[in-house]
Amino acid sequence: MKPWRVGIAVATALVLASAACGAAGDTRGSGVGGADVTVGVLLPETETSRYETFDRPLIEQAVKERCRECVVRYANAENDVQIQHQQMNAMLSQGVDVLILDPVQEGYLRGLITEAAEMDVPVVSYDRVAEGPISGYVSFDADAIGVLQGEGLVDGLGSRADGARVVRVEGPLWNPEHVAVSILERAGAHITRTYVASGWTPENAYAIMVGVIADLGVDKIDAVWAANDALAAGVISALKGAHMNPLPPVSGQDADLSAVQRIVSGEQYMTIYKPYELQAEAAVDMALALARGQSLRSIATGRISTDTARNVPSVELTPALVTVGTIEETVVRDGMYTISEICTPKYRPSCKKAGLID
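Per our numbering, numbering through the sequence shown is continuous, rising by one, with the last residue being 1676.
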């Protein structure tokens, strides 16, 4: 379910820094009614490396920086909706003051989110929009991601874009972005097949792509629009297994370290970099303010509406395109990875060719 936007917050570090101590009041210090805040954090899975590598530690760090005595209770659902239901139910029973929730499935926790609202426990929907009476939403601009993926694939195809046949591999909850389709179609490319993996795993994408290759043949696949880097890894493995050379442009999302290395080596054309630190900080600022009954006016400058919630305060951050030519100005400049982390011995020749090392 895609939210209808009333306004999109183009968030920057300056905006988020001012949000922490703006009109809503300083979020640092004591919690609800002078007590400390217990923040429940529910993340969906570990197949996508971002959640354990970036989101969890960044959220925990942001809470600690803003409130030394506040407590974080954390759980990861390992891509299982029933487990996440149990985890959220347990946190509500244990008396958390606010929840930061990235749902495995957007509708599965609707009843518990309603129950949380009745218990005066605000829910900040994180990265994905959950169904139910959520109190806030923090993510990245989905339309902008679609634009970057569409433009990236067109750039990767170059003169071959006109008439190019693009296979799309999605994960669950991934809404087709009409803007990306429009960009591809304007360039003369078209989506020949769309597949939805049952989970965000390389294994699922690999199985899908093996079937696509058997059905279409490698000569009828000009590009692959993979929704994220985990799916891109499986797609590329299948293409390599079919001895496709050169590999077609393959998109991705999340800027996983392995994806950046595949980009350096020429196996993956692009990924989408999302500044997770800004996302974590915005979610924590929103969660602490909600738990303390403070206004979100200086934190959330946007609004979204869904089928189950209207005018929800939102922060939607701006993503960036990563290709071999923009690695230094994105993930390296912002400290997500160092050159030495990217350019391990296996990738040193490719890094030299790309100008990342001498």
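No residue lacks a Cβ here, since even glycine has one placed at the ideal position from N, Cα and C.
Discussion item. Looking only at its chain, what residues have a beta carbon closer than 8 Å to the beta carbon of S1336, apart from the 5 residues adjacent to it on each side?
Written reply: Residue numbering aside, residue 1336 sits at position 18 when the sequence shown is read from its first letter. Below a pLDDT of 50, predicted positions are generally treated as unreliable, and S1336, at 38, falls in that range; the measurement from the model is reported next regardless. S1616.
Worksheet item: Over what stretch of residues does the alpha helix (DSSP H) that includes T1432 continue unbroken?
Response: Against the sequence shown, residue 1432 aligns to sequence position 114. First-last of the alpha helix (DSSP H) with T1432: R1428 to E1436.
Practice prompt. Please work out which residues of its chain come closer than 6 Å, Cβ to Cβ, to T1662, disregarding the five sequence neighbours upstream and downstream, and give them in chain order.
Written response: Position 344 of the sequence shown, counting from 1, holds the residue named residue 1662. Nothing listed; no residue qualifies.
Fill in: Enclosing alpha helix (DSSP H) for A1507 [first to last residue]
Position 189 of the sequence shown, counted from the start, is the residue given in the question as residue 1507. Counting along the chain, A1507 falls outside any alpha helix (DSSP H), and DSSP gives it neither H nor E.
Worksheet entry | Given 8 Å, three or more beta-carbon pairs between the segment 1439-1450 and the segment 1401-1421 | Touching, yes.
Worksheet item: What are the residues that DSSP puts in a beta bridge with W1678?
Response: No statement about residue 1678 is possible, as the shown extent of the chain runs from 1319 to 1676 and does not include it.
Worksheet entry | C-beta atoms of G1358 and M1409 nearer than 8 Å | Counted from its first residue, the sequence shown places residue 1358 at position 40. Counted from its first residue, the sequence shown places residue 1409 at position 91. Yes, the Cβ-Cβ distance between G1358 and M1409 is below 8 Å.
Worksheet item: With 16 as the cutoff for other CB atoms within 10 Å, does N1629 come out buried or exposed?
Response: Here residue 1629 corresponds to residue number 311 of the sequence shown, with the count starting at 1. Label assigned to N1629: exposed.
Practice prompt. Name, in chain order, the residues that DSSP records as bridge partners for G1425.
Written response: The residue given as residue 1425 occupies position 107 in the sequence shown. Answer is none; G1425 lacks a bridge partner.
Discussion item. Taking DSSP's pairing of strands, which residues face L1360 in a bridge?
Written reply: Stepping through the sequence shown from its first residue, residue 1360 is reached at position 42. A1393 and L1419.
Practice prompt. On the DSSP bridge assignment, give the partners of V1514 in chain order.
Written response: If you number the sequence shown from 1, residue 1514 lands on position 196. For V1514, which the question treats as bridged, DSSP gives the partners E1488.
Worksheet entry | Nearest candidate by alpha-carbon position, reference M1654, set V1633, Y1591, D1480 and A1448 | Start at 1 with the first residue of the sequence shown, and residue 1654 comes out as number 336. Answer by Cα proximity: Y1591.
Fill in: Nonlocal neighbours in the same chain, by C-beta distance under 8 Å from E1363, ignoring five residues either side
As a working note, residue 1363 is residue 45 in the sequence shown. Closer than 8 Å at Cβ, skipping near neighbours: Y1369, N1394, A1395, E1396, N1397, V1422, G1517 and W1518.
Worksheet item: Is P1566 near A1548, with beta carbons less than 8 Å apart?
Response: As a first step, residue 1566 must be located in the sequence shown, where it is residue number 248. As a first step, residue 1548 must be located in the sequence shown, where it is residue number 230. Contact flag unset, no.
Worksheet item: Between the C-alpha atoms of G1673 and V1642, what's the straight-line distance to the nearest angstrom?
Response: Walking along the sequence shown from the start, residue 1673 turns up at place 355. Walking along the sequence shown from the start, residue 1642 turns up at place 324. Between G1673 and V1642, the C-alpha separation is close to 9 Å.
Practice prompt. Check E1449 in the structure and name its three-state DSSP category.
Written response: The residue given as residue 1449 occupies position 131 in the sequence shown. Looking at E1449 - three-state DSSP - the assignment turns out to be coil, as it is neither helix nor strand.
Worksheet item: Taking the alpha-carbon positions, what's the D1540 to A1609 distance?
Response: Reading the sequence shown from its first residue, position 222 is the one you call residue 1540. Reading the sequence shown from its first residue, position 291 is the one you call residue 1609. Rounded to the nearest angstrom, the two C-alpha atoms are 50 Å apart.
Worksheet item: Smallest Cα separation from V1602: which of G1454, G1570, G1476 and D1533?
Response: In the sequence shown, counting from the first residue as 1, residue 1602 sits at position 284. Nearest of G1454, G1570, G1476 and D1533 to V1602, Cα basis: G1454.
Worksheet item: Quick one: is Q1467 buried, meaning 16 or more other Cβ sit within 10 Å of its Cβ, or exposed?
Response: Within the sequence shown, the letter at position 149 stands for residue 1467. Buried, by the Cβ-count rule.
Worksheet item: When you compare each of C1388, R1428 and P1490 to N1407 by their alpha carbons, which one comes out closest?
Response: Within the sequence shown, numbered from 1, the residue matching residue 1407 stands at position 89. With distances taken between Cα atoms, N1407 lies closest to R1428.
Fill in: Unbroken alpha helix (DSSP H) run spanning E1521, endpoints
Position 203 of the sequence shown holds residue 1521. E1521 -> alpha helix (DSSP H) spans P1520 to L1534.
Worksheet entry | CB contact flag (V1389, D1354, <8 Å) | Numbered from its first residue, the sequence shown carries residue 1389 at position 71. Numbered from its first residue, the sequence shown carries residue 1354 at position 36. Yes, they are a contact pair.
Worksheet item: In the segment 1576-1626, which residue ranges form an unbroken beta strand (DSSP E) of at least 3 residues, counting only runs that do not cross its ends?
Response: 1589-1591 and 1620-1623
Worksheet entry | Whether V1447 touches Y1426 by CB criterion (8 Å) | Start at 1 with the first residue of the sequence shown, and residue 1447 comes out as number 129. Start at 1 with the first residue of the sequence shown, and residue 1426 comes out as number 108. The answer is no: Cβ separation not under 8 Å.
Discussion item. From the DSSP secondary-structure annotation, give me the bridge partner or partners of E1378.
Written reply: Sequence index remark: in the sequence shown, residue 1378 carries index 60 (1-based). Paired residues: none, contrary to the question.
Discussion item. Using C-beta distances below 7 Å, list every residue in its chain close to R1478, excluding the 5 sequence neighbours before and after it, in chain order.
Written reply: Taking the sequence shown and counting its residues from 1, the one referred to as residue 1478 is at position 160. Once the five neighbours on either side are set aside, the close Cβ partners of R1478 are D1540.
Discussion item. Is it the case that the segment 1552-1567 contacts the segment 1498-1512, given that we only count it when at least three CB pairs across the two stretches are under 8 Å?
Written reply: no
Fill in: Rounded separation between E1387 and H1561 - CA only
Start at 1 with the first residue of the sequence shown, and residue 1387 comes out as number 69. Start at 1 with the first residue of the sequence shown, and residue 1561 comes out as number 243. Looking at the two C-alpha atoms, the distance is approximately 56 Å.
Fill in: V1472 (DSSP reduced to helix, strand or coil)
For the purposes of this step, residue 1472 is taken as residue 154 along the sequence shown, with counting starting at 1. V1472: helix per DSSP, three-state reduction.
Practice prompt. Please report the Cβ distance between V1472 and L1502, rounded to the nearest whole angstrom; I am assuming they are in contact, meaning their Cβ atoms lie under 8 Å.
Written response: For the purposes of this step, residue 1472 is taken as residue 154 along the sequence shown, with counting starting at 1. For the purposes of this step, residue 1502 is taken as residue 184 along the sequence shown, with counting starting at 1. Confirmed, about 7 Å.
Worksheet item: Is it the case that the Cβ atoms of V1456 and V1633 are separated by a distance below 8 Å?
Response: One-based indexing of the sequence shown puts residue 1456 at position 138. One-based indexing of the sequence shown puts residue 1633 at position 315. Yes. Within cutoff.
Worksheet item: Among N1522, A1460 and A1515, which one has its Cα closest to the Cα of H1496?
Response: By 1-based counting over the sequence shown, the position of residue 1496 is 178. Nearest of N1522, A1460 and A1515 to H1496, Cα basis: A1460.
Worksheet item: What whole-angstrom Cβ distance do S1569 and G1470 have, given they're in contact under 8 Å?
Response: Stepping through the sequence shown from its first residue, residue 1569 is reached at position 251. Stepping through the sequence shown from its first residue, residue 1470 is reached at position 152. Confirmed, Cβ separation roughly 6 Å.
Discussion item. Considering only DSSP beta bridges, list what F1458 is partnered with.
Written reply: Residue 1458 sits at position 140 when you count from the first residue of the sequence shown. L1635.
Practice prompt. Using alpha carbons as the reference points, say which of R1580, P1631, D1625 and E1599 lies closest to S1668.
Written response: As a working mapping, residue 1668 is identified with position 350 in the sequence shown. It is R1580.
Worksheet item: Between A1573 and V1649, which are expected to be in contact by the criterion C-beta below 8 Å, what is the C-beta distance as a whole number of angstroms?
Response: Here residue 1573 refers to the residue found at position 255 of the sequence shown. Here residue 1649 refers to the residue found at position 331 of the sequence shown. So it is a contact: roughly 5 Å between Cβ atoms.
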